[in-house]
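In mature numbering (1 follows the signal peptide of the UniProt record, and there is no 0), the protein residues as written are -29 to -1, 1 to 462.
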Amino acid sequence: MVSTMGARAASAILALLLLSSWSLMAVMAYQGRSGMEGRGKRDEEEAPGSPEGRGLFILSRSKKVLKTDSGEVRLVMGYRYRGNPSPMHIGFITMEPNTLYIPQYIDASLILFVRTGEAKVGYIHKNKLVEKRLKSGHINAIPAGSSFYVVNSGKSERLHIICSIDTLESIEYGAFPQSFYIGGGVLPRSVLSGFDASTLSAALNVSSDQLEMIMKSQRGGPIIRLNSEAADQPDYLSSIKKLQERMTQEEEIDSDDDDEAKQEELDDLWTWRCLLNSLLGKGDCRVQRKRGLVHSPESYNLYDTKPSYQNDYGYSIAIDKHDYSALRHSNLGVYLVNLEAGAMLSPHVNPTATEYGIVLRGSGTIQVAFPNGTAAMNAEVSEGDVFWIPRYFPFCQIASNGAPLEFFGFTTSARKNRPQFLVGASSLLHSMRGPELAAAFGVSEEQLERLVKAQREAVILPTSPHRGMEENGKEKRKADQVLVMKRGLFA
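In structure tokens:
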């Protein structure tokens, strides 16, 4: 009898183990099918970069990568999901008046957006120095590996730049970008310092004393002041000037000489001379030498652009590679949305790109839905917040009742983005209304028709029903009104 009871107990334990195993396999299988939707509230609260449960799609993990008396650079890390690196980080550059972010190149592509202030940006394009003077609203692309510098050319205003950091070409995909400083000294060290002194002296054709003078003068950090009030700055600029004078002693090339190697060597020498001239305020390189004229993509000002879509409740602007050719290389899009107080950017889906956004002013709410129809996030946002929306995930932005909400950002595709709006006069519900959609909702066609046609606005909607009724009472809109969406984000 004891033996029988033992056998029964063993059988029961075995059955429980099998049941537990099957249950675990079922849960794992469901999670594998459902992806992020199966993660639920736990991940929303524990998501990296989302402390205190602000929301799965709010990027809060930031790092101050440099700070000097003249400015600072802060990076916001993109979200890392299931071990996959983020394709993009967001950078914030702040510079005091009359300061320089010294020449460097980094292992990532950048798109600079001037939030406030004025900047002079110099960068190498086709082995020539190009200079752009940027004002508030301007965007400018800098390819990975292209040497560049930034000057706050304003006399009294701080310069604030927001930039995308595309990690596709980084040394370590998804990691923070690595700076390689061309200029420098003791702090930061120039990449030239990594070579043996005798090798560098021979390469530059200067004495060891001349080399030491220029390589050990700069101690102010990556962002330095350009005016004469900085105690250690004159020595640095003096050293640069002496090297610049040395480089101007180039040999004359016979006009009949077609030797391309010599011409390329001279062009490279001219490029460095031009870079130093620019830092010393010697004027535009393109004026100094006609051979140096390079046709580079012009900068693009978002604030001077006609909205892609606009109505009484706000407007949106979207820029793709057809509007700004420099976006072809980076394969990124740029957008700007302004919602009036209490207005909503209708629930929609981006079928071709992931979206990153930065709140420029105002406050509001961002709502995101999981594929299984549950709420993924309902988070309040305000100025300075950074968010991201994965491709295919439905979402909407709502401005608070107190003030407009303005946000700017990037999409991970330079192609024309055609979001699918789920609600509104130009939505999927409106286009697909019929017996099939009515059956899917379990209602009659008449009921579906009333539901879909109740909202007369498109894309940017009022959230107050009374406000919408008042507007409809003032001016009755034609039922067959055609909404013209010219291009870009809402094309």
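Built from N, CA and C at the ideal position, the CB exists for glycine as well.
Where residue i sits in the DSSP three-state scheme
i, result
"glutamine 181", "helix"
"tyrosine 363", "coil"
"tyrosine 50", "coil"
"threonine 170", "helix"
"phenylalanine 341", "coil"
"valine 101", "strand"
"valine 162", "helix"
"histidine 60", "strand"
"arginine 427", "coil"
"isoleucine 194", "strand"
"tyrosine 327", "strand"
"phenylalanine 379", "strand"
"tyrosine 295", "coil"
"leucine 400", "helix"
"aspartate 137", "strand"
"leucine 27", "coil"
"alanine 146", "coil"
"glutamine 189", "coil"
"proline 114", "coil"
"tyrosine 94", "strand"
"leucine 71", "strand"
"serine 334", "strand"
"tyrosine 284", "coil"
"leucine 419", "helix"
"isoleucine 224", "Note that isoleucine 224 has pLDDT 41, beneath the 50 cutoff, so the model's placement of it is unreliable and the number below is only indicative. It is coil, neither helix nor strand."
"alanine 370", "strand"
"proline 390", "coil"
Straight-line gap, residue i to residue j (C-alpha atoms, nearest Å)
i, j, result
"aspartate 275", "glutamate 128", "21 Å"
"serine 415", "asparagine 349", "32 Å"
"glutamate 102", "threonine 70", "16 Å"
"threonine 219", "methionine 184", "Legend: pLDDT at threonine 219 = 47, less than 50; position of this residue unreliable, value from coordinates given subsequently. Approximately 19 Å between the Cα atoms of the pair."
"serine 36", "leucine 46", "The displayed chain sequence assigns valine, not serine, to residue 36. C-alpha separation (whole angstroms): 7 Å."
"tyrosine 120", "leucine 139", "22 Å"
"residue 499", "leucine 171", "Past the edges of the chain, shown from -29 to 462, lies residue 499, and the structure says nothing about it."
"glycine 395", "lysine 34", "40 Å"
"threonine 325", "glycine 88", "29 Å"
"residue 463", "isoleucine 77", "Residue 463 lies beyond the residue range present for the chain, which begins at -29 and ends at 462; the question has no answer from this structure."
"isoleucine 195", "glutamate 43", "10 Å"
"isoleucine 95", "tyrosine 306", "26 Å"
"leucine 182", "valine 157", "13 Å"
"glycine 108", "alanine 429", "26 Å"
"alanine 174", "aspartate 167", "11 Å"
"phenylalanine 366", "aspartate 40", "41 Å"
"proline 193", "arginine 386", "35 Å"
"arginine 362", "valine 177", "55 Å"
"glycine 49", "glycine 328", "11 Å"
"serine 301", "leucine 419", "43 Å"
"tryptophan 359", "tyrosine 284", "23 Å"
"lysine 187", "glutamine 149", "22 Å"
"glycine 125", "alanine 90", "7 Å"
Burial state of residue i (16 or more Cβ within 10 Å)
i, result
"lysine 99", "buried"
"glycine 380", "buried"
"serine 435", "exposed"
"glutamine 75", "buried"
"tyrosine 144", "exposed"
"proline 433", "buried"
"asparagine 388", "buried"
"residue 466", "The structure shown does not extend to residue 466, since the chain is modelled only from -29 through 462, so no value can be given for it."
"leucine 83", "buried"
"asparagine 123", "buried"
"aspartate 356", "buried"
"aspartate 291", "buried"
"glutamate 269", "exposed"
"serine 179", "exposed"
"asparagine 111", "buried"
"glycine 373", "exposed"
"isoleucine 133", "buried"
"proline 322", "exposed"
"residue 467", "Coverage of the chain is limited to positions -29 through 462, which leaves residue 467 absent and any answer about it impossible."
"residue 465", "Look at the range of the chain in this structure, -29 to 462, and you will see that residue 465 is not part of it."
Inter-residue CB distance, residue i and residue j (contact presumed, cutoff 8 Å)
i, j, result
"glycine 154", "serine 164", "Their Cβ separation, rounded to whole angstroms, is 11 Å, which puts glycine 154 and serine 164 out of contact at 8 Å."
"valine 320", "glutamine 391", "5 Å"
"glycine 304", "leucine 310", "Wrong, their Cβ atoms sit about 19 Å apart, outside the cutoff."
"serine 371", "serine 334", "5 Å"
"residue 536", "serine 80", "Because the chain spans -29 through 462 in this model, residue 536 falls outside it and cannot be assessed."
"phenylalanine 28", "valine 339", "6 Å"
"isoleucine 61", "isoleucine 136", "7 Å"
"leucine 316", "isoleucine 431", "6 Å"
"tyrosine 286", "tyrosine 280", "7 Å"
Any non-hydrogen atom of the ligand GDP within 8 Å of residue i CB
i, result
"threonine 170", "As far as ligands go, the structure on display features none, and thus does not contain the ligand GDP."
Discussion item. Three Cβ pairs or more, each shorter than 8 Å: is that satisfied between the region 403 to 411 and the region 345 to 365?
Written reply: no
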